[in-house]
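Participant: Sharing a structure here in structure tokens format.
Protein chains: 2
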Amino acid sequence: MHAEIIAAGSEMLTPERIDTNSLWLTQQLNGLGVEVTQKTIIGDDRDRLADAVRSAIDRSPIVILTGGLGPTEDDVTREAAAQALMRRLLFSEELMAALEARFERLGRKMSANNRRQAFLIEGALVLPNPNGTAAGQWIDLPGRVVMLLPGPPRELEPMFTNHCAPLLTGMLPKRALFTRVFRVAGMPESELDQLIAPVYKEYSNPATTVLAKAGDIQIHLRASGETAAAAQALADLVGDRIRAILGDRIYSDNGDPLELALGRLLRSRGATLAVAESCTGGLLGARITDAAGASEWFLGGFQVYGKQMKTRLLGLDENLVNEHGVVSEAVARAMADSARDRTGATYALSITGEAGPEPASPGIEPGTVWIGMAAPDGVSARKFRFLGDRARVRAFAAQTALNLLRLSL
Amino acid sequence: MHAEIIAAGSEMLTPERIDTNSLWLTQQLNGLGVEVTQKTIIGDDRDRLADAVRSAIDRSPIVILTGGLGPTEDDVTREAAAQALMRRLLFSEELMAALEARFERLGRKMSANNRRQAFLIEGALVLPNPNGTAAGQWIDLPGRVVMLLPGPPRELEPMFTNHCAPLLTGMLPKRALFTRVFRVAGMPESELDQLIAPVYKEYSNPATTVLAKAGDIQIHLRASGETAAAAQALADLVGDRIRAILGDRIYSDNGDPLELALGRLLRSRGATLAVAESCTGGLLGARITDAAGASEWFLGGFQVYGKQMKTRLLGLDENLVNEHGVVSEAVARAMADSARDRTGATYALSITGEAGPEPASPGIEPGTVWIGMAAPDGVSARKFRFLGDRARVRAFAAQTALNLLRLSL
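For the record, the sequence lines run as chains A and B.
Residue numbers for the first sequence follow the numbering used here, so the first one is 1 and each next one is one higher.
Residue numbers for the second sequence follow the numbering used here, so the first one is 1001 and each next one is one higher.
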């Protein structure tokens, strides 16, 4: 079984924006045993979009449209799909009532153009959208299905998971899939691949994909079998061999990000963490608190971005800062030590570095980052040199700090 | 004049990889006054690709194919384009000699399958590739052109710049493009669109696109004219009318994000900013320091995620916190006031809220956020209710805090 994805929106035909929904959708479809054979990106042009929908339906049994379901006149997906299917658009009292209720609940006035979102293609099934005003639509055709999904990922993803995936599963031959996701920190992708490729290349089931981003590598082992248990057994056969090679460089085998893996370790010890951030400005704390539940082990910390904040908020000795410079082992150690002391946390991590692009401290190359760690048994610091732009250096710094503490636990 | 881009390669139909060449190409084409109206991504399937080329030629005067020019059997772009154009593929002695010379120069043995790269579509002009083995091809049709370009950016980009752009310039009427990007905070997309659609709908040049994300709206006005100045004048004609409607809800007219706009305001007053973050855990500071240069106006602050940190790091009165609760006006005000006091900043912003998904404080609905602001003339706080998941609530909270301060300046 195969599918096509059509993304609607003129912004995705500019040099700045790209369709990324199709990546997530492809992953979900692959998980159901469906391959994606074509992706099309079209602007807010009803006739072009209708043409594309028409050809896609001719070629593919599953056609997914994303975007263009908003309230504005630019949002032409409903009209274009109706045109391609030669069906009418009907006003739905029910959808209108749901829209009105939503606005009332939020205490906002509904604009007149939101009425556009109450139109349904004749015969379509409504896909409810608890996260926005754009309802999705599912249109069954003989041996085919067309779906209209909203563009924002936070609306599209739950809608697909809760409504489209179960409906698709009913259409598809039964085949169970299991994906094991290892996550690895602290080594370059090429080095990792050299170690494990000889193993995973022996197998086509599971299919293995290695993905790397800012110091974080994911290894996906995607197996299919007649039952979920059979698929998992295939994935684990290869997984166990990879685990034997990588050892504690694997921090998670269920896809959880590093902060959750670290949080589990800290919680199991009844320990807590604090941070002191200079060049990351809060990024480490923001990442730690991305998921709910961090309050059990994360206390908080200090954003000491300006030079004088190191003395003012953390009480560092001004002479020490001036003598060693802000990006130094001495300052990283003192930051971690003081953050631990002032918060009362079991552990503290500090980051001070030169994120770039221009060197702000004389003699310090952009990408140079000192990471400090204060623990009950003492204070330490390590120097790193991360390559890449400012965003990458900052992301690597936060990732590496979390991994240093994980390895020390 | 408009163009379509077709990217060939099965790897771009996986969940991991995306076609990014089209972003660079779009920028180059826009610079020549050419709009991109459709992008298609197809796997290594000759018939599908030939179909896509055929339809693209029917629709568009400029068709650019990228990828699939390598030496392996998966590389079917030459064959597919020949099939779509109903032309023969001819072996070129000249290309073969160039390939052989290249391998000799590198001291490598040429594999037999590289011979595939010496085939040219009948009538094609060769686009030389000094950075790889895949020559590009330029095929003139009546009123149309089809280009075959290699996939690797370091081969594609110089080939386009050195060969395709000059050839295209010869074909095109002289046309310059100018894009004005307004950014707006503090209003929902539908409300904004209702206000400005009556204006921008009057014009097809500039073309207007409205994009929204986490409390941030972008309005792109893309105009074309005979000169850059003429294009800009058209964009500004509409831009000025939109500006008159939206007033100070527009925080930037050059695409800069809110933190840069705020930074400029603060810097021009010689003022500084500090933060105190509870539910955002550092996100506001991380965002402020995304771009280099914030150190001129951003000092730092406090991540007071754990309840006891509000008293411990900021010195808030424990009775006040217990009496009003962590998510309260009193705590938001006291957090901002203390952060301003302890850092010595001119202004301080505080965020305390319930990011969800589960309510952590009894009686506080997820999405409830208090934002406090301390200024030389006093302390204030406002309550917000943001909808959506944890990530969205946190992103809205940071955006709204920045916008509150901007509006007060």
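Virtual Cβ for every residue (Gly too), placed ideally from N, Cα, C.
Keep in mind the model is a prediction, meaning the values are calculated, not measured.
#1: Report the neighbours of LEU1013 (chain B) on chain A: residues whose CB is nearer than 8 Å to its CB, in chain order.
#2: What are the boundary residues of the alpha helix (DSSP H) that includes VAL331 (chain A)?
#3: If you draw a straight line from the alpha carbon of ASN322 (chain A) to that of ARG1333 (chain B), how long is it in whole angstroms?
#4: Would you check if the region 1396-1406 of chain B and the region 1277-1284 of chain B touch, i.e. whether three or more CB-CB distances between them fall below 8 Å?
#5: Looking at ILE1006 (chain B) and the ligand MN, is the gap between the Cβ and the nearest heavy atom below 7 Å?
#6: Does DSSP put ILE364 (chain A) in a helix, in a strand, or in coil?
#7: Let's test the definition: count the other Cβ atoms within 10 Å of the Cβ of MET86 (chain A) and tell me whether it reaches 16, buried, or not, exposed.
#8: Could you compute how far the alpha carbon of GLY1388 (chain B) sits from the alpha carbon of PRO15 (chain A)?
#9: What residues from the region 1297-1327 of chain B come within 7 Å of chain A, judged by C-beta to C-beta, listed N to C?
#10: Going by DSSP, what residue range makes up the beta strand (DSSP E) through THR37 (chain A)?
#11: Verify the CB distance criterion: does LYS1109 (chain B) have a CB-CB separation below 8 Å to chain A?
#12: Could you tell me the boundaries of the beta strand (DSSP E) in which THR1066 (chain B) lies?
#13: For the alpha helix (DSSP H) containing GLY31 (chain A), list its first residue and its last residue.
#14: With distance defined between alpha-carbon atoms, name the residue in A:ARG382, A:LEU402, A:ALA381 and A:GLY33 nearest to ASN205 (chain A).
#15: Whose C-beta lies closer than 8 Å to the C-beta of ARG1054 (chain B) among residues of the same chain, with five residues either side of it excluded?
#16: Specify the secondary structure class of THR346 (chain A) as computed by DSSP and reduced to three states.
#17: Between the region 1234-1247 of chain B and the region 1317-1331 of chain B, can you find at least three pairs of beta-carbon atoms closer than 8 Å?
#18: Can you have a look at SER1111 (chain B) and say buried or exposed, based on whether 16 or more other CB atoms are within 10 angstroms of its CB?
#19: CB ILE1371 (chain B) to CB ALA1391 (chain B), shorter than 8 Å?
#20: Output the boundary residues of the alpha helix (DSSP H) element that contains HIS1324 (chain B).
#21: Below 8 Å between beta carbons: does that hold for ARG312 (chain A) and THR1343 (chain B)?
#22: Identify each residue in the region 1336-1356 of chain B for which the Cβ-Cβ distance to at least one residue of chain A is less than 8 Å, and report them in chain order.
#23: Given a cut-off of 8 Å, decide if ALA336 (chain A) and ALA345 (chain A) are closer than it, judged by their beta-carbon atoms.
#24: Tell me which residues share the same chain as ASP1044 (chain B) and place their Cβ nearer than 6 Å to its Cβ, disregarding the 5 neighbours each side in the sequence.
#25: Since THR72 (chain A) meets chain B, which of its residues come closer than 9 Å, beta carbon to beta carbon?
#26: Anything in chain B within Cβ reach of THR20 (chain A), meaning under 9 Å, just list it in chain order.
#27: So, is the C-beta of SER1252 (chain B) closer than 8 Å to a C-beta in chain A?
#28: Does any C-beta atom of chain B lie closer than 8 Å to the C-beta of VAL275 (chain A)?
#29: Pick out whichever of B:GLY1356, B:THR1208 and B:ALA1176 has its Cα sitting closest to the Cα of THR1227 (chain B).
#30: Hey, LEU1120 (chain B) and TRP1138 (chain B) are a contact pair by Cβ (cut 8 Å); roughly how many whole angstroms apart?
#31: Name the chain B residues that come within less than 8 Å of GLU259 (chain A), Cβ to Cβ?
#32: Figure out for me which residue from B:LEU1049, B:ASP1058 and B:GLY1356 has the closest Cα to the Cα of LEU1148 (chain B).
#33: Strictly below 7 Å CB to CB, what residues from chain A border ASP1389 (chain B)?
#34: Could you confirm whether any beta carbon from chain A is found closer than 8 Å to the beta carbon of MET1281 (chain B)?
#35: What does GLY285 (chain A) reach in chain B if we use C-beta pairs closer than 9 Å?
#36: Beta-carbon within less than 6 Å of ALA984 (chain B)'s beta-carbon, same chain only, minus the 5 sequence neighbours each way: which residues are those?
Facilitator: Let me spell this out:
#1: The residue you call residue 1013 (chain B) lines up with position 13 of the second sequence. Under the 8 Å cutoff, chain A gives THR26, GLU35, VAL36, THR37, GLN38 and LYS39.
#2: Numbered from 1 along the first sequence, position 331 holds the residue referred to as residue 331 (chain A). According to the DSSP assignment, VAL331 (chain A) belongs to the alpha helix (DSSP H) that extends over 329-343.
#3: In the first sequence, counting from the first residue as 1, residue 322 (chain A) sits at position 322. In the second sequence, counting from the first residue as 1, residue 1333 (chain B) sits at position 333. Straight across, the Cα-Cα distance linking ASN322 (chain A) with ARG1333 (chain B) is about 34 Å.
#4: yes
#5: You won't find the ligand MN in this model; it holds no ligand whatsoever.
#6: Start at 1 with the first residue of the first sequence, and residue 364 (chain A) comes out as number 364. Note: ILE364 (chain A) maps to coil in three-state DSSP.
#7: In the first sequence, residue 86 (chain A) corresponds to position 86, counting from 1. The residue in question, MET86 (chain A), is exposed, as its Cβ has fewer than 16 Cβ neighbours within 10 Å.
#8: Counting from one through the second sequence, the residue named residue 1388 (chain B) turns up at place 388. Counting from one through the first sequence, the residue named residue 15 (chain A) turns up at place 15. Their backbone Cα atoms lie some 29 Å apart in a straight line.
#9: PHE1298, LEU1299, GLY1300, GLY1301, PHE1302, GLN1303, VAL1304, TYR1305, GLY1306, MET1309, ARG1312 and LEU1313
#10: For this step, residue 37 (chain A) is matched to residue 37 along the first sequence. Its beta strand (DSSP E) spans residues 35-42.
#11: Here residue 1109 (chain B) refers to the residue found at position 109 when the second sequence is read from its first residue. When Cβ-Cβ separations below 8 Å define contact, LYS1109 (chain B) makes no contact with chain A.
#12: Translated into the one-based positions of the second sequence, residue 1066 (chain B) becomes position 66. It spans 1062-1066 - the beta strand (DSSP E) in which THR1066 (chain B) sits, taken as one unbroken run.
#13: Along the first sequence, one-based indexing puts residue 31 (chain A) at 31. Counting along the chain, the alpha helix (DSSP H) containing GLY31 (chain A) begins and ends at 21-31.
#14: As a first step, residue 205 (chain A) is located in the first sequence; it is residue number 205 there, counting from the start. Answer by Cα proximity: A:GLY33.
#15: The residue given as residue 1054 (chain B) occupies position 54 in the second sequence. Shown here for ARG1054 (chain B): same chain residues with a beta carbon closer than 8 Å to its own, the five before and five after excluded, namely ALA1084 in chain order.
#16: By 1-based counting over the first sequence, the position of residue 346 (chain A) is 346. It is coil, neither helix nor strand.
#17: no
#18: Here the question's residue 1111 (chain B) lines up with position 111 in the second sequence. With fewer than 16 other Cβ atoms from the protein chains shown falling within 10 Å of its own Cβ, SER1111 (chain B) counts as exposed.
#19: Residue mapping note: residue 1371 (chain B) aligns to position 371 of the second sequence, counting from 1. Residue mapping note: residue 1391 (chain B) aligns to position 391 of the second sequence, counting from 1. No, the pair does not count as a contact, with Cβ atoms beyond the cut-off.
#20: Residue mapping note: residue 1324 (chain B) aligns to position 324 of the second sequence, counting from 1. HIS1324 (chain B) -> alpha helix (DSSP H) spans 1318-1324.
#21: As a working note, residue 312 (chain A) is residue 312 in the first sequence. As a working note, residue 1343 (chain B) is residue 343 in the second sequence. Yes. Within cutoff.
#22: ARG1342, THR1343, GLY1344, ALA1355 and GLY1356
#23: Start at 1 with the first residue of the first sequence, and residue 345 (chain A) comes out as number 345. Start at 1 with the first residue of the first sequence, and residue 336 (chain A) comes out as number 336. Against a cut-off of 8 Å, the Cβ pair of ALA336 (chain A) and ALA345 (chain A) comes out as no contact.
#24: Against the second sequence, residue 1044 (chain B) aligns to sequence position 44. Cβ neighbours of ASP1044 (chain B) beyond the five flanking positions: SER1010, ASP1074 and VAL1076.
#25: On the first sequence, position 72 is the one that residue 72 (chain A) refers to. Within chain B, the residues near THR72 (chain A) are GLU1189, SER1190, ASP1193, GLN1194, ALA1197 and VAL1210.
#26: By one-based count along the first sequence, residue 20 (chain A) stands at place 20. Within chain B, the residues near THR20 (chain A) are ILE1018.
#27: The count along the second sequence starts at 1 and reaches residue 1252 (chain B) at position 252. Judged by the 8 Å Cβ criterion, SER1252 (chain B) is not in contact with chain A.
#28: Position 275 of the first sequence, counted from the first residue, corresponds to residue 275 (chain A). At least one chain B Cβ lies under 8 Å of VAL275 (chain A).
#29: Stepping through the second sequence from its first residue, residue 1227 (chain B) is reached at position 227. Per the Cα distances, B:ALA1176.
#30: Residue 1120 (chain B) sits at position 120 when you count from the first residue of the second sequence. Residue 1138 (chain B) sits at position 138 when you count from the first residue of the second sequence. Their Cβ separation, rounded to whole angstroms, is 11 Å, which puts LEU1120 (chain B) and TRP1138 (chain B) out of contact at 8 Å.
#31: Taking the first sequence and counting its residues from 1, the one referred to as residue 259 (chain A) is at position 259. Here the premise fails: no neighbours, minimum Cβ distance about 11 Å.
#32: For this step, residue 1148 (chain B) is matched to residue 148 along the second sequence. The shortest Cα separation from LEU1148 (chain B) among B:LEU1049, B:ASP1058 and B:GLY1356 belongs to B:LEU1049.
#33: Along the second sequence, one-based indexing puts residue 1389 (chain B) at 389. Ordered by position in chain A, the residues that pass the 7 Å Cβ test against ASP1389 (chain B) are ARG154.
#34: For the purposes of this step, residue 1281 (chain B) is taken as residue 281 along the second sequence, with counting starting at 1. Checking the sequence shown, residue 1281 (chain B) turns out to be Gly, not Met. Yes, because at least one Cβ of chain A sits closer than 8 Å to the Cβ of GLY1281 (chain B).
#35: For the purposes of this step, residue 285 (chain A) is taken as residue 285 along the first sequence, with counting starting at 1. Those are GLU1277, THR1280, GLY1281, GLY1282, LEU1283, GLY1285, ALA1286, GLN1303 and TYR1305, listed as they occur along chain B.
#36: No answer is possible for residue 984 (chain B): the residues shown for chain B start at 1001 and end at 1409.
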